[in-house]
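No gaps in the numbering here: position 45 of the sequence shown is 45 in UniProt numbering, and each next residue is one more.
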Amino acid sequence: MSDKTSDVIVVGAGIIGCATAYYLAKKGVSVTILEADEVIGNGGSTRNGGGVRQSGRDPRELPLAMYAVKNLWPTLSEELGADVEYCQGGNLRLGKTERHLEILRGLRDKAVALGLDMRMIDGDEVRAINPYLSEEVIGASWCPTDGHANPLKATYAYYTAARRLGARFYSGCPVLELRKVKGELRQVVTPEGTFEAGSVVVAAGYDSRKILNTVGIDVPMSNVLIEALVTEMEPPMFKQMLGTADADFYGHQTSHGSFVFGGDSGFETVNEDNGHDRTTSVTAPAICRGILRYIPKLANAKIVRTWAGFEDVCIDGVPVLGPVDEVPGLVVACAFTGHGFGISPIVGTLLAESALGEPTTLDISAFRYDRFAARA
Numbered sequence: 001m002s003d004k005t006s007d008v009i010v011v012g013a014g015i016i017g018c019a020t021a022y023y024l025a026k027k028g029v030s031v032t033i034l035e036a037d038e039v040i041g042n043g044g045s046t047r048n049g050g051g052v053r054q055s056g057r058d059p060r061e062l063p064l065a066m067y068a069v070k071n072l073w074p075t076l077s078e079e080l081g082a083d084v085e086y087c088q089g090g091n092l093r094l095g096k097t098e099r100h101l102e103i104l105r106g107l108r109d110k111a112v113a114l115g116l117d118m119r120m121i122d123g124d125e126v127r128a129i130n131p132y133l134s135e136e137v138i139g140a141s142w143c144p145t146d147g148h149a150n151p152l153k154a155t156y157a158y159y160t161a162a163r164r165l166g167a168r169f170y171s172g173c174p175v176l177e178l179r180k181v182k183g184e185l186r187q188v189v190t191p192e193g194t195f196e197a198g199s200v201v202v203a204a205g206y207d208s209r210k211i212l213n214t215v216g217i218d219v220p221m222s223n224v225l226i227e228a229l230v231t232e233m234e235p236p237m238f239k240q241m242l243g244t245a246d247a248d249f250y251g252h253q254t255s256h257g258s259f260v261f262g263g264d265s266g267f268e269t270v271n272e273d274n275g276h277d278r279t280t281s282v283t284a285p286a287i288c289r290g291i292l293r294y295i296p297k298l299a300n301a302k303i304v305r306t307w308a309g310f311e312d313v314c315i316d317g318v319p320v321l322g323p324v325d326e327v328p329g330l331v332v333a334c335a336f337t338g339h340g341f342g343i344s345p346i347v348g349t350l351l352a353e354s355a356l357g358e359p360t361t362l363d364i365s366a367f368r369y370d371r372f373a374a375r376a
């Protein structure tokens with residue numbers, strides 16, 4: 001077998017691509033991973049808030065999150081041989097108005113119907129769990145089995161574990177075209193040459209749309225810039241993952257004391273897809289002002305750095321996963337809409353199974369590309 005031929009090609013070396021490569025290599029399958037960036041995981045995978053949450057998810061997506069939290073995240077550091085800083089400290093999704101509480105009740109009802117331990121609590125109960133939250137918070141949803149992990153460490157843990165098992169990574173190697181051979185997808189064209197495999201998994205974030213277009217597949221998704229920041233180390237305050245009813249703020253305190261927060265500045269014209277992933281002097285302070293309305297004690301915390309990344313947002317809010325009937329040999333994994341990190345261990349498992357034509361651990365029919373097909 002040449003160095004450009006393998007059983008499976010994975011396009012994209014974010015956490016989804018690296019996890020897929022790991023689970024394929026674990027099965028003894030030869031796998032090649034092609035990454036356009038010079039740096040592994042230099043997209044949304046290492047530019048998110050690190051939430052490992054079940055609460056607040058679409059009912060189609062919730063079984064994946066519940067499976068990952070129960071079966072995969074608790075032992076992931078041990079399995080991959082690297083500390084991913086997983087902490088199961090619960091999730092408070094905060095509300096300040098009656099409209100917020102209505103949103104949270106709706107999310108609670110859908111989650112409870114699928115068996116998730118999630119309940120509504122009032123403001124006093126919120127502060128009994130986390131006394132650092134302000135009096136403006138009048139209620140929240142509480143999911144004690146949610147948590148958080150370190151996105152950078154988790155992505156690189158999958159990457160290094162996959163390499164140890166023989167997976168071949170090519171960074172700085174953008175995909176120019178997918179090609180069929182006798183009606184089946186078999187080749188991936190890059191500046192480094194043409195790679196061949198029995199199946200191809202495309203997990204390249206928003207870039208997946210352009211790549212998939214080369215074989216006539218178009219996933220209805222958009223590119224949305226999200227911003228985040230990290231503070232200097234602070235004394236231990238709380239272990240919960242925080243979010244809001246409007247999903248305009250989220251974050252947690254890391255194991256070494258810094259806070260990682262993401263948020264919406266409210267400046268819509270600034271947050272539009274402007275072709276780069278840089279923050280601005282306008283948006284970060286606006287996000288900080290919003291955070292202080294929730295956690296006043298952080299007023300004097302210093303910001304170490306800010307960064308931004310792109311979400312590949314699907315038109316119906318859940319990812320596209322699995323084989324594509326129109327293109328035999330193609331498996332798609334994109335449009336995660338900012339929800340990909342927490343479900344990455346089970347998604348990697350499912351994609352590895354799909355690429356090999358095996359029965360999948362969980363039903364992924366709700367995520368198939370053909371859900372967008374015109375109905376007679």
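All C-beta atoms in this analysis are idealised placements derived from N, C-alpha and C, irrespective of residue type, glycine included.
Item: What is the C-beta distance between GLY243 and ASN91, in whole angstroms, given that I count them as a contact (C-beta under 8 Å)?; Value: 7 Å
Item: In whole angstroms, what is the alpha-carbon distance linking PHE195 and VAL52?; Value: 34 Å
Item: How many angstroms separate the CA atom of ASN271 from the CA atom of GLY262?; Value: In this prediction, ASN271 scores a pLDDT of 48, lower than 50, which makes its location untrustworthy; the coordinate-derived value is nonetheless stated afterwards. Cα to Cα, the separation comes out at about 13 Å.
Item: Can you look up TYR170 in the DSSP assignment and give me helix, strand or coil?; Value: strand
Item: Contact check, ALA82 vs GLY41 under 8 Å by CB: the rounded distance?; Value: With a Cβ gap of about 13 Å, ALA82 and GLY41 do not count as contacting.
Item: What is the rounded straight-line gap between the Cα of LYS302 and the Cα of SER258?; Value: 10 Å
Item: What separation, rounded to the nearest whole angstrom, lies between the Cα atoms of LEU350 and ARG163?; Value: 20 Å
Item: Check whether the segment 321-332 touches the segment 354-370, taking contact to mean three or more Cβ pairs, one atom from each stretch, closer than 8 Å.; Value: yes
Item: Only counting runs of 3 or more residues, tell me where the beta strand (DSSP E) segments fall wholly within the segment 22-73, in order along the chain.; Value: 31-34
Item: For GLY172, which residues in the same chain have their Cβ closer than 6 Å to its Cβ, ignoring the five residues on either side in sequence?; Value: GLU38
Item: CB ALA203 to CB GLY17, shorter than 9 Å?; Value: yes
Item: DSSP three-state call for THR361: helix, strand or coil?; Value: coil
Item: Comparing alpha-carbon positions, which option in VAL175, ILE138 and MET241 lies nearest VAL260?; Value: MET241
Item: Quick one: complete beta strand (DSSP E) runs, 3+ long, within the segment 175-227?; Value: 177-181, 184-190 and 193-202
Item: Name the two residues that bound the continuous alpha helix (DSSP H) containing GLY14.; Value: No alpha helix (DSSP H) contains GLY14, which DSSP labels as neither H nor E.
Item: Thinking C-alpha only, which one of VAL8, ILE315 and LEU94 is nearest MET221?; Value: ILE315
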